[in-house]
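Chemist: Structure provided below as structure tokens; questions to follow.
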RNA sequence: GGUCCCGUAGUUCAAUGGAUAGAAUAGGAGUUUCCUAAACUCUAGAUGCAAGUUCGAUUCUUGCCGGGACUACCA
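In this note's numbering, the protein residues as written are -1 to 583.
Put into structure tokens, the structure is as follows:
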């Protein structure tokens, strides 16, 4: 349940509510709170309250009601002016109220601790399900950036979250890779970048298998692959030993990417670990009559839910992805006490998860109704879909290297040449900025829309981008440093009257609203939109208001305090997307 | 065929059912003796089509058109 956390709306709403009460009507505080919105522009006022919803209760036209209420509102500490336009009551607030209700709490830190929800279930968010023996590419990065951001956002809002990952370390892709590596490949194993090399082995193998379709060579390959899978199942033999060794190369690459991205999982589930138990689980329910035999396989007919036939055991008795996900869910619920379960997986798996959730429900798991598949669209290249099978991927580490190199060359090299910063400092900045550009780019687009990944465009980084926000913050830091901002100096918020300043105050007051809404709708792009909007306003302020030449020392200090407020909000917002801020750039 | 997702400026993206549909890029014109020009200002340009619900629809419903995903032994 959501709490009324925005103090401006609470105070304003209370004034409106008690005025309506004096007119003889009763409207709930929550209704009023949620109806308060922004005005179309700053000339009209700061916040707006439309009278539409009151029309039915008060039996008058919205414009009449708006006028009636506006005229009856008494003098108070919050409102400076009411400007009624048709059905809208537009309120302009006293600047010191922004200071009291928003700026001071932000500077003191209490604003970021505000409880926004209550009674939330213990929730697991599962994300990043990469396969070993394949290379991580920019498509995986969308998942990682989304998952990491959503977890940070949920925790900020007060949700209890357990994060988990579910890498695929068994399956035919492993067999293809190992077959190619041992029986076709002649290259020596490299000493560095083994994970990426292994991914190449997989690609080569998949491509070759496609080329030799129907030939004797394919039959031979299939035989070997069957043997590989058999050894993996019984966990012994030459191929099993190779699997153990090569699997680690991929795991090392995963860790390299996760470390770079700064993501941590509370729980690691492995497909190889749930595999055997998932088959046991399926057999158990087959014996109970829950699953039935059909065309040699075992599963359940979900046709009446329009979900087809859900297979849990193949003709040869082995399990499938679906089987593993059932066992995995059981573990989450029963071993971990998870009440709500969010899966961040691309949209291809929509039907798969509908089947999983339906089966869990039919098995009697209460938590099934709290399972949610957050589906997202793919990352596509301008030339078409990305596929490691077809070798048309852009590996994450390659993107990172290109991005860092570009940022260094374009913006930082000259500073190094002029000895303004050291080479190592510049490399560090390039790394932080590249990370910001990549993560921001991945979450700024609506999850339901595909991302067209154009490497050249991404490297350019201008406009609505991570580096834009980082730049704004870095510039604030340097300004405060150069102008000697004193956090303990005198502040008088009422001195802020410039439209650019008011605009910032209004926007900054909506941070928690934006964060809560973005979290509950699983839309991190709402956060990027909010931050971008705030940054644009800040750049307007920066260009219109010169702090260095501000003569009044209290005003100068107050303006710097406002910048400090913006910096805190921007940096918090970026941090919740997993993005850091360089001190300089 | 069935189910689901997406159609907004040339392009890439925004818009709790609400006031004049916002940006960025590309195009045109400007801003630096001044705290970081990775910036700012001005200019031009868009809701696939057709009904319906509503005081009010880019948003909700239905149909059509266009694109994508899924639809039993891969994950």
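Yeah, the Cβ is synthetic: ideal placement off N, Cα and C, and Gly gets one too.
Please read all numbers here as calculations on a predicted model, not as lab measurements.
Sort 258, 12, 157 and 115 by Cα distance to residue 434 and report the nearest one.
Modeler: Cα-wise, what sits closest to residue 434 is 258.
Chemist: Compare the Cα-Cα distances from residue 321 to each of 295, 8, 342 and 337 and report the closest residue.
Modeler: Ranking the options by Cα distance to residue 321, first place goes to 295.
Chemist: What's the gap between the Cα of residue 82 and the Cα of residue 66?
Modeler: C-alpha separation (whole angstroms): 10 Å.
Chemist: Where does the unbroken alpha helix (DSSP H) through residue 358 begin, and where does it stop?
Modeler: Where residue 358 is concerned, the enclosing alpha helix (DSSP H) stretches over 348 to 360.
Chemist: Less than 8 Å separating the beta-carbons of residue 583 and residue 468?
Modeler: Cβ distance < 8 Å, so residue 583 and residue 468 count as in contact.
Chemist: Should residue 557 be labelled buried (16 or more other beta-carbon atoms within 10 Å of its own) or exposed?
Modeler: Burial call: buried.
Chemist: Give me the Cα-Cα distance between residue 463 and residue 111, rounded to the nearest whole angstrom.
Modeler: Looking at the two C-alpha atoms, the distance is approximately 27 Å.
Chemist: What first and last residue would you give for the alpha helix (DSSP H) that runs through residue 259?
Modeler: Segment 236 to 259, the alpha helix (DSSP H) holding residue 259.
Chemist: Using only the alpha-carbon positions, how far apart do residue 372 and residue 461 sit?
Modeler: Computed Cα separation, rounded: 28 Å.
Chemist: Just to confirm the assignment, what range does the beta strand (DSSP E) spanning residue 395 have?
Modeler: Counting along the chain, residue 395 falls outside any beta strand (DSSP E), though it belongs to the alpha helix (DSSP H) covering 394 to 405.
Chemist: Considering just the uninterrupted stretch of the beta strand (DSSP E) at residue 441, what are its terminal residues?
Modeler: Not the beta strand (DSSP E): residue 441 falls in the alpha helix (DSSP H), residues 421 to 441.
Chemist: Any idea what DSSP makes of residue 204, helix, strand or coil?
Modeler: Correct three-state label for residue 204: helix.
Chemist: If you drop the 5 nearest sequence neighbours on each side, which residues of the same chain put their C-beta closer than 8 Å to that of residue 31?
Modeler: Contacts found: 2, 4, 7, 8 and 11.
Chemist: Since residue 79 sits in a beta bridge, which residues does DSSP pair it with?
Modeler: DSSP lists 90 as partners of residue 79.
Chemist: Apart from the five residues just before and just after residue 442, which ones in its own chain have a Cβ nearer than 6 Å to its Cβ?
Modeler: Cβ within range, chain order: 523 and 526.
Chemist: Let's see if you can read the secondary structure: which residues bound the alpha helix (DSSP H) around residue 460?
Modeler: It is not in any alpha helix (DSSP H) - residue 460 carries neither H nor E in the DSSP assignment.
Chemist: Assign residue 573 to one of two classes, buried (16 or more other C-beta atoms within 10 Å of its C-beta) or exposed (fewer than that).
Modeler: That one is exposed.
Chemist: Can you give the Cα-Cα distance for residue 42 and residue 518, rounded to whole angstroms?
Modeler: One C-alpha to the other measures close to 30 Å.
Chemist: To the nearest angstrom, how far is it from the Cα of residue 116 to the Cα of residue 422?
Modeler: One C-alpha to the other measures close to 46 Å.
Chemist: Over the uninterrupted beta strand (DSSP E) stretch that includes residue 171, give me the two end residues.
Modeler: No beta strand (DSSP E) holds residue 171; the alpha helix (DSSP H) holding it covers 170 to 181.
Chemist: So is residue 584 buried or exposed if we call it buried at 16+ other beta carbons inside 10 Å?
Modeler: Missing from the structure shown is residue 584; the chain here goes from -1 to 583 and no further.
Chemist: Report all residues from its chain with a CB closer than 6 Å to the CB of residue 195; omit the five preceding and five following residues, and keep chain order.
Modeler: Hits under 6 Å: 188.
Chemist: What is the rounded straight-line gap between the Cα of residue 226 and the Cα of residue 215?
Modeler: Each residue's alpha carbon lies about 17 Å from the other.
Chemist: Do you know whose CA, among 20, 543 and 36, lies nearest residue 68's CA?
Modeler: If we check each option's Cα against that of residue 68, 20 comes out closest.
Chemist: Distance, Cα to Cα, residue 299 vs residue 288?
Modeler: Between residue 299 and residue 288, the C-alpha separation is close to 10 Å.
Chemist: Just the Cα atoms here: how many angstroms apart are residue 56 and residue 85?
Modeler: If you take the alpha carbons of residue 56 and residue 85, they lie about 13 Å apart.
Chemist: Three or more beta-carbon pairs under 8 Å between the stretch 357 to 369 and the stretch 505 to 519, yes or no?
Modeler: Cβ pair count under 8 Å is below three, so no.
Chemist: Could you check the C-alpha separation between residue 405 and residue 426 for me, to the nearest Å?
Modeler: Each residue's Cα considered, the two are about 11 Å apart.
Chemist: Under 7 Å from any heavy atom of the ligand MN, does the C-beta of residue 545 make it?
Modeler: As far as ligands go, the structure on display features none, and thus does not contain the ligand MN.
Chemist: Using a Cβ-Cβ cutoff of less than 7 Å, which residues in the same chain neighbour residue 505 once the five nearest sequence positions on both sides are dropped?
Modeler: Within the same chain, residue 505 has close Cβ partners 531, 532 and 535.
Chemist: Roughly how many angstroms separate the alpha carbons of residue 132 and residue 309, rounded to a whole number?
Modeler: Cα-Cα distance, rounded: 26 Å.
Chemist: Is the beta carbon of residue 264 less than 8 Å from the beta carbon of residue 420?
Modeler: For residue 264 and residue 420, no; Cβs fall outside 8 Å.
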